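Everything on this sheet refers to the single structure shown next.
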Amino acid sequence: MSTSADQVARLLALIPYLQARPGIPLAEAAAAFSLTPKQLMADLWVAFMCGLPGGMPGDLIEVDMDAVEGQGVIRLSNADILSKPLRLAPHEVGTLRLALQAVREVAAPESYEAIDSASAKLATMSWEEGPPAVVSIVTGDELVRQALVDAMKGRRQVRLTYEGGSRGETTRPVVDPAALVVRDGSAYLEAWSVDRDGWRSYRLDRVIAVEATGEEASDHGRPPARDGWLSEAATEVTLRVRESAGWMTEYYPTVSASGDLVTLRVLDPSWLRQLVLRLGGEAEVVEPLAAQDEAVLAAREAVSRHDAWSRAADMPRPEGSV
């Protein structure tokens, strides 16, 4: 639903546009601003009553509403004051520069020149609130990003060399790359996994290499919307943690933290097993029961492996062995 603030912002762009195009058809102007003719008519009636202080005939914006309603064309005049470029407030300049920094962090090197040029132009504006902060996003190698951008532009399939992070293994999935996105301070590749026949997210800093397969990427539509760790595909897991493990609420995104109970959304069960094993006696899974059972099994498996390793280390070695 459009608000009054939305309408004001739209009119500031709409009025100079219409004044520079006398006689433009109503339908054409509406399409240019993604409006319906009815919505544009409502905006024109508002513009008809706007202008400079005083409210005299020469002070108001002139809109020929008879031409709009009778002929379907727009003639707007006496709005020269709005033809001047809008000035950005210092905080708006800072916001734009921060956004450009974030874009540069995930863009391919071929885009750096345009991004840096826009940022330099913004930097020439006066700073009343100090320079902008620095955006820090975990991204991958520039050559990797460029290869992925090229593959997306050419609709080509690629094979990734991917370090699995929580699984601690390197895989080489074949994917149809779709988009580069930023979530929770990290850059991700959204791609259709040919091996798993579904959408997957790959952290860019874990993509070591990109190799073209020579095959054309298939059209799988748009990747699903995700919200970082708080993805609908994730499972809520509640842990009871000791005070010494309270650091995890600052290190990992949490759904809630109350007393000694911390609730996380977990996408990868193996990541949860590793976290519980690392915390040892400082944390235990409260629910769901399936996750609790997996944590117990993982702990037993770790103890069993340790015992087997200890027995092997204590066995006498044959004479002459090193």
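Under the numbering used here, the residue at position 168 of the sequence shown is numbered 153, and the numbers go up by one with no gaps.
Don't be surprised by glycine CBs; every beta carbon is placed ideally from N, CA and C.
Just so you know, these numbers come straight off a predicted model, no measurement behind them.
Margin query: I need the straight-line Cα distance from Val(-7) to Ala99, nearest angstrom please.
Written below: 30 Å
Checklist line | The alpha helix (DSSP H) enclosing Asp190, as first and last residue numbers | finding: Asp190 -> no alpha helix (DSSP H), and no H or E assigned at all.
Item checked: At least 3 beta-carbon pairs within less than 8 Å: the segment 224 to 231 vs the segment 167 to 178 -> no
Note to self: Looking only at its chain, what residues have a beta carbon closer than 7 Å to the beta carbon of Val88, apart from the 5 residues adjacent to it on each side?
What the structure shows: Ile100
Notebook entry, point to check: Could you give the distance in angstroms between the alpha-carbon of Thr239 and the alpha-carbon of Arg140?
Noted result: 37 Å
Next item on the list: Report the three-state DSSP secondary structure of Leu85 (helix, strand or coil).
Entry: helix
Check: Would DSSP call Ser241 helix, strand or coil?
Finding: strand
Next item on the list: Would you mind working out which of Asp126, Ser104, Glu148, Gln56 sits nearest Leu11, comparing C-alpha positions?
Entry: Gln56
Next item on the list: Measure the Cβ-Cβ separation of Gly231 and Leu189 and say whether it is below 8 Å.
Entry: no
Notebook entry, point to check: Rounded to the nearest angstrom, how far is the Cβ of Ile193 from that of Glu154, given a contact under 8 Å?
Noted result: With 8 Å as the limit, Ile193 and Glu154 do not qualify as a contact, their Cβ atoms being about 13 Å apart.
Note to self: My output table needs one value for Thr146: the three-state DSSP class, helix, strand or coil.
What the structure shows: strand
Next item on the list: Look at the alpha carbon of Ala163 and the alpha carbon of Gln142, and state the distance between them as a whole number of angstroms.
Entry: 10 Å
Notebook entry, point to check: Is Arg130 near the ligand GDP, in the sense that its beta carbon is under 7 Å from a heavy atom of that ligand?
Noted result: For the structure depicted, the ligand GDP is absent and the ligand set is empty, with no information on it obtainable.
Notebook entry, point to check: At which residues does the beta strand (DSSP E) containing Trp30 begin and terminate?
Noted result: Note, Trp30: premise wrong, no beta strand (DSSP E); alpha helix (DSSP H) at 22 to 33.
Notebook entry, point to check: Who are Gly36's beta bridge partners in DSSP?
Noted result: Leu45
Checklist line | For Leu20 and Val53, believed in contact at Cβ under 8 Å, the rounded distance | finding: The Cβ separation is near 14 Å, so there is no contact.
Checklist line | Continuous alpha helix (DSSP H) stretch holding Asp204: start and end | finding: Taken as a continuous stretch (DSSP letters only), Asp204 belongs to no alpha helix (DSSP H), as it is neither H nor E.
Check: Pick from Pro1, Val31, Leu133: whose alpha carbon is nearest that of Ala202?
Finding: Leu133
Check: For Arg144 versus Val129, is the C-beta spacing smaller than 8 Å?
Finding: no
Next item on the list: Between the Cα of Tyr187 and those of Thr156, Asp65, Ala103, spot the shortest distance and give me the residue it belongs to.
Entry: Thr156
Note to self: Residues in the same chain with beta-carbon distance under 6 Å from Thr146, minus the five sequence neighbours each way, listed in chain order, please.
What the structure shows: Arg157, Ile193, Ala194
Next item on the list: Name the two residues that bound the continuous beta strand (DSSP E) containing Arg225.
Entry: 220 to 226
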